[in-house]
Amino acid sequence: MKQYRWIIGAASLALMLGIITTAEARIKLVALPERGATVIRLDNPSATLIEEERVLTLQKGVNRIDFSWNGVSIDGDSIRLRVLSHPDQVKLLNVSYPPNEAALVWEISSEGAWEETVRISYLLSNIDRLITYKAVADKEETQVDLRSFLILRNFSGEDFQKARVLLDYGEAFEKGIDHEETKQLLFLKKEQVPITKVWTFDAALKPWDPEKLNNQNVGIPVTYEIENIKKDKLGDFALWGGKTRVFQDDGSESTIFLGEDNIDMVPVGEKMKVYVGDSRDIVVTQRKMTDKQINIRRNNSNGIILHDTDELITAKIENFKDKPATLTMIQHIPDE
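Be aware that the sequence shown starts at 3, since it is given in our numbering, and climbs by one per residue.
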């Protein structure tokens, strides 16, 4: 599907002498060859940068190049042209935008007649990417095999028969993608990445006393924590946020699905925390034994204007697993 219209014309010496009109100066039309090397850069999640190389047949003198993008989601203000073959002899003079058209016209001065390689870059909408993760934990839940996938979606109106796809980290992909096509690409694969299984009891979110719930065992959120550090086979770059699905080896050459979570970006040195569900293997019973005001200050009307609070809170932790567990307890100080 042809999305661009390229027209090249050369203004001869006769144009400068006023012998022919501007319209006549563009009679010599040359069809632009297909794009050469093409790069799709996905560094920025809000905009996709396209860089493509083309070969222009330039004549000596002033050449005019028409570029239109009807039906393609290009930001016209972002279009840039860079001369590669003869940067000192070929100069971009000006850019004009025809009214009511998705088009522009480059006026280029060339000191000779050359096959000139140029690089055109622009921001393209409606071509984006998603990052997903798949983690398979071992039966003991001490490590995972981690995979990360790039899902590339193209609804821009343009076909890319062959392109180099780049994130801001990881290896590049040599892949083509057509309009309305979606592709999934594996770009991160790490085996036996250490994990820590953590239970988190937040006193502001969970009931303190199961007895008040007819001894109902309340589930405690469980997360797998993966450190983005070299020692744990990661740490080369920040990990993009995305949906993460966690599975576990059941010991019978199969896996069970534990859960999924949407994680935020994980900088180098930080932890990826993946929620995998609630567990009833740990029971926390928390009670407030003392709650009184001390160091009371009153105003002239005997109203309390300042005081400290003396609280004594006890917590009973029961582990019904057959091995030690890591529990994080979050307590909150009122008005802090």
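Glycine included, C-beta positions come from ideal geometry on N, C-alpha and C.
Out of the options, state which residue places its alpha-carbon closest to the alpha-carbon of residue i.
i	options	result
Ala-139	Ser-98, Pro-89, Gly-261	Gly-261
Phe-322	Trp-201, Pro-101, Lys-235, Glu-182	Trp-201
Asp-211	Tyr-124, Thr-50, Lys-93, Ile-319	Ile-319
Asn-102	Gln-163, Ser-281, Trp-71	Trp-71
Glu-113	Lys-325, Asn-65, Arg-121	Asn-65
Ser-98	Lys-325, Ile-67, Asn-304	Ile-67
Leu-241	Leu-126, Lys-191, Ala-205, Glu-118	Lys-191
Pro-89	Leu-106, Glu-118, Phe-69	Glu-118
Thr-198	Glu-54, Glu-142, Phe-69	Glu-142
Lys-275	Pro-336, Met-267, Ile-296, Tyr-226	Tyr-226
Asp-234	Thr-311, Asp-147, Asp-312	Asp-147
Val-195	Ala-137, Gly-243, Ser-111	Ala-137
Val-92	Ala-104, Ala-105, Ser-111, Leu-106	Ser-111
Asp-45	Glu-213, Lys-185, Ala-39, Leu-154	Leu-154
Ser-127	Pro-47, Asn-304, Asp-312	Pro-47
Val-1	Gln-163, Asn-304, Ala-205, Asp-312	In the structure as shown, the chain starts at 3 and stops at 338, and residue 1 therefore has no counterpart that could be examined.
Leaving out five residues before and five after residue i in sequence, what residues of the same chain have Cβ atoms less than 6 Å from its Cβ?
i	result
Thr-316	Arg-289, Met-291
Glu-229	Lys-273
Ala-115	Gln-61, Lys-62
Glu-183	Asn-156
Ala-49	Leu-125
Pro-336	none
Ile-296	Asp-310, Asp-312
Ala-105	Ser-70
Lys-185	Leu-154, Ile-179
Tell me where the beta strand (DSSP E) around residue i begins and ends.
i	result
Leu-62	Note that residue 62 is Lys in the sequence shown here, rather than Leu. Note, Lys-62: premise wrong, no beta strand (DSSP E); not H, not E.
Asp-263	257 to 265
Asn-297	284 to 300
Gly-2	Only positions 3 to 338 of the chain appear in this structure, which leaves residue 2 out of reach.
Lys-245	244 to 251
Lys-232	Run containing Lys-232: none; DSSP gives neither H nor E here.
Ile-306	306 to 321
Leu-106	105 to 112
Val-41	40 to 43
Ile-335	It is not in any beta strand (DSSP E) - Ile-335 carries neither H nor E in the DSSP assignment.
Please report the distance separating the alpha-carbon of residue i from that of residue j.
i	j	result
Leu-314	Lys-294	9 Å
Asp-252	Val-85	59 Å
Ala-327	Leu-207	21 Å
Glu-109	Leu-95	5 Å
Ala-27	Pro-100	Note that Ala-27 scores 36 on pLDDT, short of 50, meaning its location in the model is unreliable; the coordinates nonetheless yield the value given after this. Computed Cα separation, rounded: 17 Å.
Lys-232	Phe-239	10 Å
Ile-129	Lys-245	19 Å
Gln-145	Leu-187	24 Å
Arg-56	Glu-193	42 Å
Val-286	Ile-222	9 Å
Gly-279	Tyr-135	17 Å
Glu-54	Leu-132	23 Å
Gln-333	Ile-81	54 Å
Asp-77	Phe-69	13 Å
Val-74	Thr-59	25 Å
Ser-87	Met-267	40 Å
Arg-166	Glu-255	37 Å
Arg-37	Lys-177	15 Å
Lys-325	Asp-283	11 Å
Ala-39	Arg-247	36 Å
Arg-43	Gly-243	18 Å
Ile-265	Asn-304	52 Å
Glu-213	Ala-205	16 Å
Can you find the residues in the same chain that come closer than 8 Å, C-beta to C-beta, to residue i, ignoring five residues on each side of it along the sequence?
i	result
His-181	Met-3, Asn-156, Phe-157, Ser-158, Gly-159, Glu-160, Asp-161
Phe-189	Ser-150, Phe-151, Leu-152, Leu-169, Gly-172, Glu-173, Phe-175
Thr-330	Val-200, Trp-201, Thr-202, Phe-203
Asn-301	Ile-307
Asp-79	none
Identify, in the order they occur along the chain, each residue of the same chain with its Cβ nearer than 7 Å to the Cβ of residue i, setting aside the five sequence neighbours on each side.
i	result
Ile-298	Ile-306, His-309
Ile-258	Phe-249, Gln-250, Asp-252
Leu-83	Leu-94, Trp-108, Val-120, Ile-122
Gly-237	Asn-230, Ile-231, Val-270
Tyr-277	Pro-223, Thr-225, Gly-261, Asp-263
Ser-281	Trp-201, Gly-221, Ile-222, Val-224
Leu-51	Arg-43, Ser-123, Leu-125
For residue i, would you say it is in contact with chain D, using Cβ-to-Cβ distances shorter than 9 Å as the test?
i	result
Leu-314	Of the protein chains in the structure, only one exists, and it is not chain D.
Fully enclosed by the region 67 to 100, which beta strand (DSSP E) runs are 3 residues long or longer? 82 to 85, 92 to 98
Curious, which full-length beta strand (DSSP E) runs of at least 3 residues does the region 122 to 203 contain? 129 to 139, 145 to 156, 162 to 168, 175 to 179, 183 to 196
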